[in-house]
Every structure is written in C-alpha cells, then in structure tokens.
Amino acid sequence: MSEPLLRVRDLSVTFPVRGREGWPWARPRPLRAVRDVSFDLAAGESLGIVGESGSGKTTLARALIGTVPAAAGEARWQGEDLLRMPPAARHRHRRDIQMVFQDPLAALDPRMTAGEIIAEPLLVHEPRLARREVRARVAQMMERVGLLPNQVNRYPHEFSGGQCQRINIARALVVRPRLVVCDEPVSALDVSVQAQVINLLGDLGRDLGLALIFIAHDLAVVKHICDRILVFYLGRAMELGAARDVVREPRHPYTRALVAAAPIPDPAIERGRRTAVLEGDLPSPLAPPSGCVFRTRCPIARPSCAAAIPPMQDFGGGHLAACPHTGQAGHGEAPG
Amino acid sequence: MTLLFGRRMFREPLPPGTGDAPAGRSLWHDARARFVRNRAAVASLVVLLLVTLFALFGDFVAAWSNEEIDWSMLGSVAENGAPSLANGHWFGVDELGRDLFARTVQGTRISLMVGIVGALISVVVGTLYGATAGYFGGRLDGVMMRVVDVLMAIPYMFVLILFMVVFGRSILMLFIGIGLVSWLDMARIARGQTLNIKHREFVEAAVAIGVRPRRIILRHIVPNLLGVVIVYATLLVPSMIIYESFISFLGLGVQEPDTSWGALINDGASQMQYGTLWQLLFPLFFFVVTLFSLFFLGDGLRDALDPNDR
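Top line first, the protein sequences correspond to chains A and B.
Each residue of the first sequence is one higher than the one before, counting from 2 in our numbering.
Each residue of the second sequence is one higher than the one before, counting from 226 in our numbering.
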C-alpha cells in the first residue's frame, strides 16, 4: 500500500482545565478532548467525521490544521509528521491544508472586503505574485464557488450565510490546497442552502482532486459526499469504514443509534418504524467512563465493557468498529 | 502602516467583461451614518473645527501680534484694556498690555497641540503595545502589562514636576512627560479588547491560513480595535489638555513668552481682583467650549462605533 496523503496515528488532544473554586496552584485536570484517533486519508479521498456535539470533532480538525497543540500521537503528511515540525516547515505545509469553518460570518474579518479576504492566503503564500494576477485568481475563484466577481468590494455583513460560506470556501481553495478540512460547514445555514453548499464542496473536491475531511453531526449529510466515514464518540473513534458499509451495516451500537435516528424521507415508513432513541447525555470528558466510553448509554452493554477499552476490530473491507459484542446476543441490524 | 492602510487592491477597475464592482458598505460607512444622525456630536465637531481654524489662522485676523505691547494701555489696563472693537483689542489686553486675542490664539495652539500629541502617542504606542501583549498572551503579556502597572504606580505629576525642575521648563519636556504617561491606559484597553478579538473565529482562520502574527495584529486585530481606540482617544484629548493646564496653572508648564490655556487662565485668575475679568473669561471660554465639544464628540463616536450595536 502506498503512503497515504495523511496518516493519523493515536492522535490525542488534551486541554488543562482548572476547577472553578481551584486555587492558582492547584494542578489543572486534563480534559481529553480527542484520544487515540487513527485513520488514513488518500489523495482525493473524502472522509466524513460524525459525532454528537462535544464529541471532539472540531478539536480533531483544529489539531490537524495546527491551531490547537496535540498531546500525543502523530499526523504524517506525506510521511512528515506535522505535529513535530519546525515552525518554518509547518508554515509551508499550511498551504496544503486549508479549513472551512462552522460559522461562516464569524470566520470572516468584518473590516475586510470579500476580495481582501479571499486574497489573503495568496498574499501569505505567494507574496511575489503580481497584483493583477492576485485579482484575476480571486475573480476566478469567486466565479468557481458561485459568487459574482463584482462582489469583491462588498463586506461580509452584506452577504447571506450561504454566500459567506462560499467566501470561506473560496478563501480555502484559492491557494490550491491538497486537503480541505470542513468543520460542520453547513450546520449554521438554512436547510435550503445546505444542499447547495454540500454539492458545491462535493463538486469542487472531485474536480480539483481535493482530499476532504468533512465534519458533521448528521450522518445523512456525510454519506452524501464522503467515501469513508469515521464515527466519533467522546473523543474516541467508534467506527470507521466505507460510507456505504457504515450506513447500511453499522457495526457499533452507537452508529446503529445514529443511523436509526436519521429520519427517512417517506412518511409511511417513518411513522411505522420504532426509533431507538439514545437515552441520556454525553458523559463529561473530564471524567469519562472506564473501558468503553459508550457503555453508559449502550443498549447491549455488559459488565465486561467497563474493564478494558475495546480495540478496533476489523469486519472486512477496512470496516473497523470498537465493539467486541456487536453482532452477538441476537442484537439484530438496526432498521434503516 | 502600509499593512494597515495599503489595501487598495480591489479599487482599480476589474478586467473587462466582469462589469463594475460596486463599493461595499463598510462598517465605517455605517458608523458615519449613525454619527451624522447625532446632532450634538456633529455640532461639537463643527465647534472643534472652528477652534482649530481659530488656532491656525487667528494670527492673520488679529490686529496686534502676541508679542507687541500696547504702551498706551500700560498702567491703565483696568480702565482702558477692556474688550473693544475700536482699538483692535477684541478680547482686551492682558496685564502687560499685550493683545489677548493674539495671546489666546497662541495658547489655543499649544493646548490643542498638547492634546493631539498626547492622544496620538497613546493611540499609536498604546494600541500596538496592548495588542501585542494581548495577542501573544502568556509570559510576554505578563511582563508587558507589569511594566505598565509599574509605570502607572509612579505619581507622574510629581515626576513631571521634577523633570521640569531638573531639565528646565520647555515644551519638549512637556511633550515627553505627557508621552510617557498617556499610552498606559490605552495599552490596557487595547489589550482587553484584543483578548476578546483573538478568540473570534476569523483570527483562528487567519492562523490556520498561515498569516504571521505581525500581520494578524496589524490587519485583523488593530482594525477591529480601532472603534474603541478612537472613542477613548477623543476622551483622552481633554484629559491631556486639563493635565497640561493644571501644570501651567501651577506655573510649571509652558514658559513665557509661550502660553497655553492653563497659563492664560492662571494669569487671568491672578488679576481678577483688579476687575479685569475678561482676562480670565476669554481663555476660560475656549477651554470649556473645547472640552465640552470633545466630550460630546467622544459620546457620539462611541454611539456610532459601539460594537454591540452592529
């Protein structure tokens, strides 16, 4: 197997958290936002990352683009570890990995025009580019993402949410990156605009040969444009596999619950089916359950689940799930 | 500074075929519209412009120069020195027989200069210092802000008076003294705002893109700070003027033959008992009117630029 574009191994991100009544000298408690996550990403491939709010998806994305320090593990970009790189080398690689943020308006500087925002990565990474060339590239990119080039002098607050997200996408793509990390790029948008933006990202990814990491809390969104899906729960990977396999034959009970929770766009079926709704809330990442982190809400949990962290098990075809009891005890396939 | 203001990239015409790119409505545009609706603030701005014009061109209008002594007045200032259109002393004469109109022009010039220089130093030094400390945070922030704390703890009035005594009184010393203290508050304010801004997503986006810290501070943080900084600067100008006036009132500020509002008011106040009230009232009028206008202007600017209003 050839070297993947990005190879992430046992990546962990830890934040020190001080209790509210803590003394200044009290030792901060570690909040393990992301723990021991591993995956590979080939050039041009798209990986969806799915999980509830607070499961550490965004933190993983931030660790990959380098705005949050990783505590352990490695992220090899074409063989070079991004996490332990000297700053100058890391700076060169920033060009290859760009990010699209969740809140489209907040991610744009309110004092800059659309054109200045989109031009910024170009000015940073290709400082010798002639101004005329910069303007041409910006105009070309704006057209590519469905903005009118004559909107260059408008300010972010004059655009709609969907248009702002298009500006974000244009800014990410203008330096021709190899990988774009999209952090819930549509969850802040109207439903009617979501589909447009998702299709735009899918098309761009295909046309430009981009690798995509697409973060969402909605399986339906992810399965639409992703080749593979990584299911995330409380900072840990629960299941990883081809999108079709994960959605059709979920192996992990958490994935099954996610699949079951997704509404089916047919009222007849939707009304008739019994949805297994997941009970309870996400446990605190400050005090995660021992063993399998999902066991507190798992329908098939048993005492042994508390003992050890279940390893990723291969179910064939690169379909991995971290549950040793799945498929046993007559627990049938979830509907959907 | 070119980083801050050199952003004309998209103002030139676009390549043919793409049509005209209409200019967007920046947040500054919106702020200007809100400011213009505030009558008191606009009126204050007009008053300030008039005072500035008075300071700049008053000399050309004055019938007397500020050095000339009207010998005919000497010894009879209380009787003949009152304001009069006939003899050209529109504001009367001071106790030495000099034309008070010309003296007021001269004082206005120096007082405004003190205010503006103080505010400029605080805007440039304070903003950059505070933004740098706030953006980098951690130990650098700790050290930089402790320096500010230490400088603030020094009773600056005392130090300035000492300065004046040791190095001799001069306008330069006055500017140095004011420059030393004026940026401290601004640095604190800028740092606080920066802490706010640096956690906004567009700053993180800039970091992710690979923008260097210097550029992030100058292009992303400072422009977003500027609203608060401008408001505070307009409120700082009067406090600088008061500060200078107080020192001059004590007799330690500007030196004869130079003068300032504070010095003129001091002279006027000391002559009050002889019935030459105009010597006090004319400089005082300019002083009060200017300070009021600056306060109203600051108010109007704050309403116009208030970030909560966006």
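We put the beta carbon where it would ideally sit given N, CA and C, even for glycine.
Within 9 Å (strictly less), CB to CB, does residue i reach chain B?
{"i": "residue 50(A)", "result": "no"}
{"i": "residue 68(A)", "result": "yes"}
{"i": "residue 234(A)", "result": "no"}
{"i": "residue 103(A)", "result": "yes"}
{"i": "residue 180(A)", "result": "no"}
{"i": "residue 100(A)", "result": "yes"}
{"i": "residue 169(A)", "result": "yes"}
{"i": "residue 113(A)", "result": "yes"}
{"i": "residue 122(A)", "result": "yes"}
{"i": "residue 159(A)", "result": "yes"}
{"i": "residue 263(A)", "result": "no"}
{"i": "residue 327(A)", "result": "no"}
Please confirm whether residue i has its beta-carbon closer than 9 Å to some beta-carbon of chain A.
{"i": "residue 367(B)", "result": "no"}
{"i": "residue 434(B)", "result": "yes"}
{"i": "residue 362(B)", "result": "no"}
{"i": "residue 252(B)", "result": "yes"}
{"i": "residue 248(B)", "result": "yes"}
{"i": "residue 257(B)", "result": "no"}
{"i": "residue 427(B)", "result": "yes"}
{"i": "residue 445(B)", "result": "yes"}
{"i": "residue 431(B)", "result": "yes"}
{"i": "residue 449(B)", "result": "yes"}
{"i": "residue 437(B)", "result": "yes"}
{"i": "residue 440(B)", "result": "yes"}
Please state the DSSP three-state secondary structure of residue i.
{"i": "residue 183(A)", "result": "strand"}
{"i": "residue 459(B)", "result": "helix"}
{"i": "residue 15(A)", "result": "strand"}
{"i": "residue 208(A)", "result": "helix"}
{"i": "residue 175(A)", "result": "coil"}
{"i": "residue 113(A)", "result": "coil"}
{"i": "residue 101(A)", "result": "strand"}
{"i": "residue 529(B)", "result": "helix"}
{"i": "residue 437(B)", "result": "coil"}
{"i": "residue 249(A)", "result": "helix"}
{"i": "residue 250(B)", "result": "coil"}
{"i": "residue 348(B)", "result": "helix"}
{"i": "residue 524(B)", "result": "helix"}
{"i": "residue 37(A)", "result": "strand"}
{"i": "residue 512(B)", "result": "helix"}
Based on DSSP bridge pairs, tell me the residues matched to residue i.
{"i": "residue 315(A)", "result": "321(A)"}
{"i": "residue 64(A)", "result": "BP columns for residue 64(A) are empty, so no partner."}
{"i": "residue 47(A)", "result": "213(A)"}
{"i": "residue 318(B)", "result": "324(B)"}
{"i": "residue 400(B)", "result": "Note: residue 400(B) sits in no beta bridge, so no partner."}
{"i": "residue 7(A)", "result": "42(A) and 78(A)"}
{"i": "residue 32(A)", "result": "16(A)"}
Under DSSP, the beta strand (DSSP E) around residue i begins and ends at which residues?
{"i": "residue 74(A)", "result": "73 to 78"}
{"i": "residue 255(A)", "result": "Looking at the DSSP string, residue 255(A) is not in any beta strand (DSSP E); the run it does join, the alpha helix (DSSP H), is 254 to 262."}
{"i": "residue 216(A)", "result": "212 to 217"}
{"i": "residue 240(A)", "result": "237 to 243"}
{"i": "residue 27(A)", "result": "Premise fails: residue 27(A) is in no beta strand (DSSP E) and is neither H nor E."}
Could you spell out the range, first to last residue, of the alpha helix (DSSP H) harbouring residue i?
{"i": "residue 363(B)", "result": "363 to 378"}
{"i": "residue 232(A)", "result": "Element bounds for residue 232(A): not the alpha helix (DSSP H) but the beta strand (DSSP E), 229 to 234."}
{"i": "residue 152(A)", "result": "Unbroken run through residue 152(A): none, as it is neither H nor E."}
{"i": "residue 225(A)", "result": "220 to 226"}
{"i": "residue 201(B)", "result": "Since the first residue of chain B shown is 226 and the last is 535, residue 201(B) is not available in this structure."}
{"i": "residue 292(B)", "result": "Careful: residue 292(B) lies outside any alpha helix (DSSP H) and carries neither H nor E."}
{"i": "residue 139(A)", "result": "132 to 145"}
{"i": "residue 189(A)", "result": "Where residue 189(A) is concerned, there is no enclosing alpha helix (DSSP H), given that its DSSP letter is neither H nor E."}
{"i": "residue 95(A)", "result": "88 to 95"}
{"i": "residue 493(B)", "result": "486 to 495"}
Using a Cβ-Cβ cutoff of less than 7 Å, which residues in the same chain neighbour residue i once the five nearest sequence positions on both sides are dropped?
{"i": "residue 332(B)", "result": "484, 485, 486, 488, 489 and 508"}
{"i": "residue 389(B)", "result": "398 and 477"}
{"i": "residue 147(A)", "result": "167 and 201"}
{"i": "residue 316(A)", "result": "252 and 322"}
Looking only at its own chain, which residues have a Cβ that is under 6 Å from the Cβ of residue i, when we skip the five neighbours before and after it?
{"i": "residue 504(B)", "result": "319, 493 and 496"}
{"i": "residue 269(B)", "result": "518, 521 and 522"}
{"i": "residue 320(A)", "result": "242 and 246"}
{"i": "residue 126(A)", "result": "96 and 176"}
{"i": "residue 491(B)", "result": "474"}
{"i": "residue 515(B)", "result": "276"}
{"i": "residue 211(A)", "result": "181"}
{"i": "residue 288(B)", "result": "313"}
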